[in-house]
Amino acid sequence: MLRLSNTLPKILCIIADDSEARPLLEQLSFQHIDVHLYRCKPRNPPLLLDVYIVDHWGGPAVLAALETYPQALTHYDLWINMGFAGSCSIKLSLGTCYTVNCVAKLNQEPIPNLSEEPKLFPIPIDSLPRAFLVTTHVPYCHGFHKTFQLVDMEGYAIALQATKHQIPYRILKIASDYTLPNSSQQIRAHTHQLAIELSEVFIKILPEIFETTIASTLLSRTPPLS
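Following the working numbering, the numbering of the sequence shown begins with -13 at its first residue and continues without gaps.
Okay, structure coming up:
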């Protein structure tokens, strides 16, 4: 359910790790509001943009964050989950940002397979390439897969909560590494540059997100001229 009013439209960007968010916070001159919460008011497009840094990976951390900050469920017109994701597909280029158009939950025992929980469908960003995201509760290092494309640890939990509370949501991920053993070394070596690229893409597409998700809804609610 959109919570649009006469005030500025409000977007909540949920990011798991501070290192993934730092360039964005610096480029848009966010103010530190609370321990995990940062805020800015871009002029173009005109909106209120909050960033919540969970500071931990995984679905349980997301649920704990929403308990700590329950306003997330009532005060925003759109959620965006952005961050790093491992690539399970050789067809996906590292360092490229993808819009997630489908997210599923993954079981890894005894072998990686999709859970019986329903797939969820974020609103895609038309100007970006699309990818299928699977979310797991432990780091995934099983190499390439025929159908899995990106893997993270919190996307499904965020999508599920947004769906339950009827909040429109999008997921933006940058392919940070291939899901191979010892890939963490590659991430550590390139974390800052990946975060910069993620931030730059997000800032570039923010007007598109505003127009397609929020402005169109505002327009649809505007009463016709008599």
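Think of the CB as a built atom: it goes at the ideal place given N, C-alpha and C, for glycine as much as any other residue. Just so we're clear, the structure is a prediction, and the values are computed from it rather than from any experiment.
Rounded separation between residue i and residue j - CA only
i           : j           : result
residue 189 : residue 53  : 28 Å
residue 210 : residue 153 : Because the pLDDT of residue 210 is 46, which lies under 50, any placement of that residue in the model is unreliable, and the question is left without a value.
residue 206 : residue 178 : Because the pLDDT at residue 206 is just 48, under 50, the model does not fix this residue reliably, and the point stays unresolved.
residue 133 : residue 98  : 11 Å
residue 187 : residue 82  : 9 Å
residue 156 : residue 200 : 12 Å
residue 10  : residue 80  : 20 Å
residue 165 : residue 159 : 15 Å
residue 115 : residue 96  : 32 Å
residue 94  : residue 62  : 34 Å
residue 184 : residue 2   : 13 Å
residue 163 : residue 102 : 27 Å
C-beta contact flag for residue i and residue j at 8 Å
i           : j           : result
residue 113 : residue 194 : yes
residue 221 : residue 17  : Past the edges of the chain, shown from -13 to 212, lies residue 221, and the structure says nothing about it.
residue 149 : residue 106 : yes
residue 117 : residue 86  : yes
residue 181 : residue 5   : yes
Residue i versus the options, residue with shortest Cα-Cα distance
i           : options            : result
residue 84  : 90, 69, 76         : 69
residue 213 : 172, 167, 173, 140 : Any answer about residue 213 is impossible in this case: the structure gives the chain only from -13 up to 212.
Complete beta strand (DSSP E) runs within the segment -12 to 21 (minimum length 3 residues, chain order)
Every beta strand (DSSP E) of 3 residues or more that sits fully in the segment -12 to 21 is shown, in chain order, as -4 to 1.
Of all the alpha helix (DSSP H) runs that stay within the bounds of the segment 121 to 186, which reach a length of 4 or more residues?
141 to 150
Pairs of beta-carbons, one from the segment 25 to 40 and one from the segment 5 to 14, closer than 8 Å: are there three or more?
Because the criterion of three Cβ pairs below 8 Å is met, the segment 25 to 40 and the segment 5 to 14 touch.
Specify whether the segment 29 to 39 and the segment 116 to 127 touch according to this definition: at least 3 beta carbon pairs, one from each stretch, less than 8 Å apart.
no
3-residue-minimum beta strand (DSSP E) runs that sit fully inside the segment 17 to 77, ordered along the chain
23 to 26, 34 to 39, 64 to 73
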